[in-house]
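In what follows, a single structure is set out as structure tokens and then discussed.
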Amino acid sequence: RLAGKAFELGHPMLCTATIEASVRSEFRGSVKLTPAGSVKMKGKSHEINVFLPDGRRDTNSRISLISLNGPFVGRDTEVELASDFAHGRKGKARVHRVLVVQGPNGIGKTEFLRHICGKDALHTHGVVSSIFCDGTLHTRFEIYQRIIGKLLEFEGYSEHRIAETARLENLVKNGIDPQKAPYLYRDHIRALKELRSGCKGGICLAEVYSRILLTELRKHNVVIILDGAQHVDAEVLQVLIAAVMPSSKGVMASSSRSRLIMATRTPLQIQLPGPPEQIVDTASDGRFWTLSLEPFDRQS
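In terms of the numbering used here, the sequence shown opens at residue 583 and continues consecutively.
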């Protein structure tokens, strides 16, 4: 995981403070490691300090892993199936709207998802856009904001404006001009204005976020890629699944154009909205397609 974080940040390598102390002690200063800030890692409740070799720091450390063309070895069959799903090309990939990538810790689910997210074929002719969210790093609202940010890109918003506009909290605090509001929000102006009085009247921030996603994701061809789904709030999973699955009710009375790929260690127990509400298992419910990542064998 630390090697993957180094690759993401554009560094040749990263090490922890423990390793830095050992290197300093063993080589008596002939090998120097310099502080490279701190990173958040899966399984850690707080950020950890990291170090890298002196003189080799990459100044372009803001580059995203998704934009790098690093090697991805193996799993050709799984990559093809996931790409087929993203495009809805054939078979199960065409029928299903939710793909569950399942495998034990350390099997490579995160790198697999990032490879799919950054795969050139996914963006051919701009047919499919993807957004990557990490359930271990992003909060409920951050996941919503990242997806809304992707939808705002379709309206030509700059990165700076997206950062401001995707946060509904900002709009509630500063007010919103219906004439200048993004098209994405036009059908939700009344709800946004009601938010200025808090949750009184039965509406709250989470509800408005979910309303926007439930209606707008159905209009756009977006693949939401969600890593660490077992760590994500149940309400978020309900919203995202409802936004991509076919429905004949209310604002969702149409087939959604978007799809959802989730990664998890074990099958998920998901409570789907009713009536009647139901709890389903992603491994046995036919509306979910499970793709299992197995350990490599000698032939692999």
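Built from N, CA and C at the ideal position, the CB exists for glycine as well.
It is roughly 38 Å from the alpha-carbon of ALA845 to the alpha-carbon of LYS614. Excluding sequence positions up to five before and after ALA664, its CB lies within less than 6 Å of the CB of ILE698, all in the same chain and listed in chain order. Using a Cβ distance threshold of 7 Å, VAL818 and ILE689 do not count as a contacting pair. Boundaries for PHE736: no beta strand (DSSP E) harbours it, and the DSSP string shows neither H nor E there. A Cβ-Cβ separation of about 6 Å places VAL680 in contact with VAL826 under the 8 Å criterion. The three-state secondary structure of GLN761, taken from DSSP, is coil. Taken atom to atom, the span from the alpha-carbon of LEU799 to that of THR616 is near 44 Å. Closest option to THR598, judged by alpha-carbon separation, among GLU608, GLU590, GLU629 and LEU591: GLU629. Using a 10 angstroms sphere on the CB of GLU660, the tally of other CB atoms reaches 16 or more, which defines it as buried.
Nearest to VAL683 by C-alpha distance, out of LYS801, THR872, LEU854 and PHE878, is THR872. Following the DSSP letters along the chain, one finds ARG772 inside the alpha helix (DSSP H) bounded by residues 771-776. In this structure, DSSP gives VAL605 a helical state, which the three-state scheme calls helix. DSSP, reduced to helix, strand and coil, places ASP658 within a helical segment of the structure shown.
Under the three-state reduction of DSSP output, THR692 falls in the helix class.
Note that the C-beta distance between GLY717 and ALA811 is below 7 Å. Looking at the backbone, the Cα of LEU695 and that of PHE633 are separated by about 27 Å. Using a Cβ distance threshold of 7 Å, SER792 and VAL821 count as a contacting pair.
Annotation: the continuous alpha helix (DSSP H) that includes ASN756 extends over 750-756. Sequence-distant partners of GLN860 (beyond 5 residues in either direction) whose C-beta falls short of 6 Å from its own C-beta, in its chain, are LEU854. Contact between ILE843 and ILE807 holds, since their C-beta atoms are separated by about 5 Å, short of 8 Å. Secondary structure of VAL680 (DSSP, three-state): strand.
Annotation: ARG793 is outside any beta strand (DSSP E); the continuous alpha helix (DSSP H) that includes it extends over 787-798. Counting every other CB atom within 10 Å of its CB across the protein chains shown gives LYS691 a total of 16 or more, marking it as buried. Per DSSP, VAL632 is not a residue of any alpha helix (DSSP H); the beta strand (DSSP E) it occupies stretches across 630-635. In the structure shown, SER665 falls within a helical segment according to DSSP collapsed to helix, strand and coil. Annotation for GLY731: ILE744 and ALA748 place their beta carbon closer than 6 Å to its own, counting only its chain and skipping 5 residues before and after. The DSSP-derived three-state label of ARG743 is helix.
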